[in-house]
Every structure is written in structure tokens, then in C-alpha cells.
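Here the structure comes first, spelled out in C-alpha cells, and everything after it is commentary.
Below, the structure written as C-alpha cells:
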């Protein structure tokens, strides 16, 4: 089957090649050849289109295809994305990926595995030079922000032309409509109403004569679905033979079968997030408040989780920082990136600060301070500034181009939306057209998104329609909607298959990115847990710091005597080396053994410093993960919309041809 797909590709039949690849995958599963050829097809489609949004979609699709296989080719679509969007993020990703690719190519070129195959050697050498040139360009873009501008590609809609035969048919239909218009206008209301009732038997006969067996089967498939489901709308997954009658079912299928199965980073609860915007944030006089806490805290009066009796402090500096923090938190909530990591960082600071004032965590909990972001009003200026610096380092937007992909999807969906209703009689003998076609234009009316079918008495269907408008003729003259390459009776899975496949791969690429970020976050959390284990070990073996020079020895001994994870070794090595930033690579065991003269206070300070770095890192990472998750959700929603298919749009061409032939006979 791969050879068939490749032959279609060589002939320029890209849509046919994708159909063959899809069919083969459904039987044989994924494979190197399928992924590589699909990636190349997306590259070609990206070169063909002149619309920026579609170029980005195809580039992202090809990147996902090449990312599935071990090939240096994946660096090129990543560079293409960076150029199209003007994204520093993608330039950085490309540089890292291309550097790895250069190492692989250089290793192969320096080995003897190629033998006398000069052709392969020449190709690899050429690819090496090209990557080096692109890396140089990427680094210059990163170094000079003024060069980070989107590629000057027209951002407009693109008309997808059909075949020459279809264009001729469109002109022919228009001519027929114009020829009969004058006679239609003076014909009787009864004659006009008769065209709103189409005999299904006559339509079947016309389709059988015009399209033979393929058309007959296609029409029967449509009618059977309409009769059973009582709706025209269907959602079709192009990669497997499943069809759905609701958007929700299709969305769930795409997410579970073709997306990422990940435990998502938690956003803060709505209750906690709502309190970000509540009340006035003013600095609290912490010492006076602690004296209050020594009394019956349960007797305090609370409003939205905050005690109105907390004594306030006149502190302009703290007030200014609190306003800055609150403003950023409100923005994070708006952009859906207010994470548990940020909440935990704030709450931990409050618990630690009040702990120094001899307030237990249980008392802090009883006072409701764990349930509100306003609890940071207790903190001193220095700690508030640290939180503000952390929040300022978090970005509310991700320059990933997903918004442009969703925009491209919208342009495809717009071409297949239908305004005119189509119903049946109870015996399923007649197809009943929208009676508004006899009254006036439907151009200003909303689209019939649901596509529900009603069963109506045909004698009453247009009984009150005046027949004064000519919307019916205008409707007949519109021969095509949507993709001009897709025509009845071609199977519906081929509709927008090229773009749909690229959008699916873009969705999967976003899921891949999300998975990578989750793995990195898990690594940092494991490192943080190792730091906590080290802290607890010191506290257990040397309670209340009775000895002053044993913690370093305790940690070294634990690493040498028991089977601990690599990250525990890394954490202990970083603690004993008094590192300012964690190192997640191979631990420096030699330096760890030589660290014999550390006071326990130095070990404690080192652990606390590294814990602070890890907590900040996780908070930033969780917000980045939520940004990617937002992109994933947007893409999933857009992809689900793209799965939607309206059978009315599918049968419009043969239906209109049948009606035009009938008009031509009646008004020769």
C-alpha cells in the first residue's frame, strides 16, 4: 500500500495519497513510511497555499509526522514555523533540535557505515550544510528581537477551485437560472410551491442515471442516516470508521483515542480563584493579628473567607506590591493559568512566616488563611516582592500559532454551513425544501447548525408561502460550497481530508509538547520530594539541632548505604555543594564526599534555598503547562468542528441539478 500512496504522490494526487495512507493505517497501524510520506505531503501542501494560517497548520502537521520517527527532517518544519510566526520559542526549539541532528549526521559521516555510497554521503553533507546555515539564521533571530517578525504571507481566505468540468457546470447552472427567471416570476404560486416538494423516488432515479451505482449507494447512505437519526449533521473521524451524532461524542473520541492521556496540571479551585477579585487588599499588622489568634479564632466574623477584624498596617510599600500581585492574579485567572503551584507558593510563604511568629499550621487553617489568596496580606515587604517577581516571570500568552490554526479551521467550516432547512413527510416519500426560499432571501438568516429534521404534512408545508421572492433561483445558482475538489458521490471521509489530517497532527503535536512538559514537571517534583526527604532525615536523626556538624554526614551515609533514586543523589549533592540552582544531571559524587566541614545550619539553609528555587520553578512550569493545555483545548474544539459534516451540503449538487433539469423542462 505504501507504493500505491507514493505513486499517487508522484503524480501530484496528494489527496488520493492521503486516502491510501489512512486506509493502510487502519489495517496495518502506524509506520515509518506512512509518517514520512504524510509529513512530506504536508510540506508540499504548505508550499502550495498562499494563506498564512494554512501554512502554519501544514507545518505543524509535518512536524508531528517527522517527530514520530527518528529523522533529522523534523528540524526543518520547526524552522518553518518559527519563520512563519516570528516565534522566539520555536527558534530556540529548532536550534536545540538541529544541533542534535548535526551530531547524528556528523557521527554517520565520520563512520565507515556508508562505504562507497557517494550518493548518500553527498546528500548527508548537503543536509549538514543546510542545517548549519539555518542554525546560524535562528541564532541571529534570537539575538536580535527586531528580526522576530512573522513571514510576510497574505492572511486571507483562499478559494479552492474545483475541476474544469465543475467550473463549466457552475456556469451552465447560472445560465439556466437566468434563462428561466422571467418566466418563474410570472408563474403561479402553485407552480412555485410544487418545487418545494421533491419526490425522493424521482431524485433516486436521477442520481442512478447520472452517477450510476456509486451515486445510488451514496444517496441511500444519506437517506438512511437522515431517517434513522432525524438530523442532517454527522461528525466523522477521518482516521477510523467511526461516526457520531453529536459534537460531544466526537470530541470525547478524539481526546481519548487520538489525543494525550495525561493527568492535567490542576488549576486552582473556582472558589479560591473567585476570591482574587473580592474586597480590598491591605497590609495586615501581623504581630497584632497573632495576638488576636491566641484568643478564640472561631469567634471571628468572616466575609468571603476573610476576617474583617484583622488589624491593618499603614505601609505604602507593601500596599503597592499587593496591588501588583493582585493585578497579575486577576490576569492569570482571565487567561486560565492560575495554577495550584502559584497558590501553594503563596500559602507556603504565609505558613512559614506565621510559623516564625509561633503560629501553628492548624491555627492558620482555623483562621481560614489557607482558603484565600488575601492571606499574603500578612507577609512582609521582602517576601511579597519575591512573590511579585515570580508572578512577573510568568507569561499569559504562548506564541505558538494555535490561534492561527483555529482561524484556518473556521474558514473551512464556514464553507459547509447551511441556512436552509430540509425536512421530510411522514412516509419519507418527499424531501421538503425550506419554504423561505419562496418568500425572500435567507442570506441574513442564521445558519441551521443543528440540522434537525421535522416530519411535515406536504400539503401544509408551503400553504401560506406567498411565492413573491426569488431566493429559490439564487439558491439553485450556487452550485458549490466548501471544497471544490470534493463532490458527490465521493465518500464523505475524503471531505477536507488533507487539511483535517494536518489539523489532527497539529493537535497531536500539542499533546506531545504537553507530555514533554509534564515529564519535566514530574522530574522537578521528584527532586523537590528528595529535598524534603533530606530535610526530614536531618530532623529525625538530629532533632532540635542538638549536634552542629552531623547533617552532612547523615546525608552522605544515606546515599552510600541505601538504594536511593538518582534524583535523591542529585539533591544531596546540590545541598552539600551549596548550589544556588538544582542540577538534574549526573550528581558530582566526588564533591559530595569532600563536603565534610558543613555546619548543620549551612545544610538547612542550602535545602531551604533549593526548595524555594524548585517551588518557583514548578509554579512557572504549571502555568506554562496550563497555557499549552489551553492551546490543546482550543485545537480539540476546532478539530471537532472540522469533523462536522452536513449531508445537506453533500446532496445539494445532485438535488439542484435535478431541480434545474425539471425547471428547464417546464420553462424551455
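Numbering (UniProt numbering), first residue to last: 1 to 668.
Glycine included, every Cβ here is placed at the ideal spot set by N, Cα and C.
Small disclaimer: the values here were computed from a predicted structure and weren't measured.
Given residue 631 as reference, the closest of 513, 379, 349, 392 once Cα atoms are compared: Considering only alpha carbons, the answer is 513.
Contact set for residue 551: own chain, Cβ-Cβ below 7 Å, skip 5 residues either direction: 538, 542, 600, 603.
For residue 307, three-class secondary structure by DSSP: In this structure, residue 307 counts as strand in the three-state DSSP scheme.
Contact set for residue 238: own chain, Cβ-Cβ below 7 Å, skip 5 residues either direction: Answer for residue 238: 22, 493, 497, 500, 501, listed in chain order.
Cβ pair count under 8 Å reaching 3, the segment 447-464 against the segment 432-439: As far as the Cβ criterion goes, the segment 447-464 touches the segment 432-439, which means the pair count is three or higher.
Residue 36 vs residue 215 beta-carbon contact at 8 Å: Contact check for residue 36 against residue 215 fails: the beta carbons are separated by 8 Å or more.
The segment 389-407 contacting the segment 327-336, beta-carbon criterion three pairs below 8 Å: The segment 389-407 is in contact with the segment 327-336.
Buried or exposed (CB count within 10 angstroms, at least 16 for buried), residue 342: Counting of Cβ neighbours within 10 angstroms places residue 342 among the buried residues, the total reaching 16 or more.
Minimum C-alpha distance to residue 339 - residue among 30, 616, 643, 20: Each of 30, 616, 643, 20 was checked against the Cα of residue 339, and the nearest Cα belongs to 616.
Short Cβ contact (8 Å threshold) for residue 337 with residue 627: Contact flag set, yes.
Which listed residue (569, 511, 644) has its alpha carbon closest to that of residue 625: Taking only the C-alpha atoms, the option nearest residue 625 is 511.
Status (buried if at least 16 other CB within 10 Å, exposed otherwise) for residue 133: The residue is exposed, with fewer than 16 neighbouring Cβ atoms inside 10 Å.
Pair within 8 Å by beta-carbon distance, residue 206 and residue 652: For the 8 Å CB-CB criterion, residue 206 and residue 652 do not form a contact.
8 Å contact criterion, which residue 534 and residue 567 should meet: CB distance rounded: Contact check for residue 534 and residue 567: beta-carbon distance about 11 Å, past the 8 Å limit, so the pair fails to qualify.
Proximity winner among 352, 589, 643, relative to residue 378 (alpha-carbon distances): Measuring from the Cα of residue 378, the nearest candidate turns out to be 352.
contact_flag[the segment 630-644, the segment 400-410] where n(CB pairs < 8 Å) is 3 or more: When Cβ pairs closer than 8 Å are counted between the two stretches, the segment 630-644 is seen to touch the segment 400-410, the count reaching three or more.
Assumed close pair residue 399, residue 85 - CB separation to whole angstroms, cut-off 8 Å: A Cβ-Cβ distance of about 6 Å is found for the pair residue 399 and residue 85, placing them in contact under the 8 Å criterion.
Status (buried if at least 16 other CB within 10 Å, exposed otherwise) for residue 244: When all chains shown are included, residue 244 counts as buried.
CB contact flag (residue 18, residue 43, <8 Å): Result no, Cβ atoms of residue 18 and residue 43 do not sit closer than 8 Å.
C-alpha gap between residue 177 and residue 195, whole angstroms: Whole-angstrom Cα-Cα distance: 14 Å.
Span separating the alpha-carbon of residue 63 from that of residue 15: Each residue's alpha carbon lies about 19 Å from the other.
Rounded separation between residue 314 and residue 584 - CA only: Their Cα atoms are separated by approximately 44 Å.
Assigned exposure category for residue 233 - 16 Cβ within 10 Å defines buried: Within a 10 Å sphere around the beta-carbon of residue 233 sit 16 or more other beta-carbons, which makes this residue buried.
Residue burial classification, residue 268 (beta-carbon count within 10 angstroms, cutoff 16): Residue 268 is buried by the Cβ-count criterion.
Nearest to residue 372 (by Cα), restricted to the options 250, 280, 426, 295: Taking each of 250, 280, 426, 295 in turn and checking the Cα distance to residue 372, the smallest one comes out for 280.
Segment contact, 8 Å Cβ cut-off, at least three pairs: the segment 244-259 with the segment 355-369: In short, these stretches do not touch, since the Cβ pair count stays below three.
8 Å Cβ shell around residue 99 - same chain, five flanking residues per side excluded: Answer for residue 99: 135, listed in chain order.
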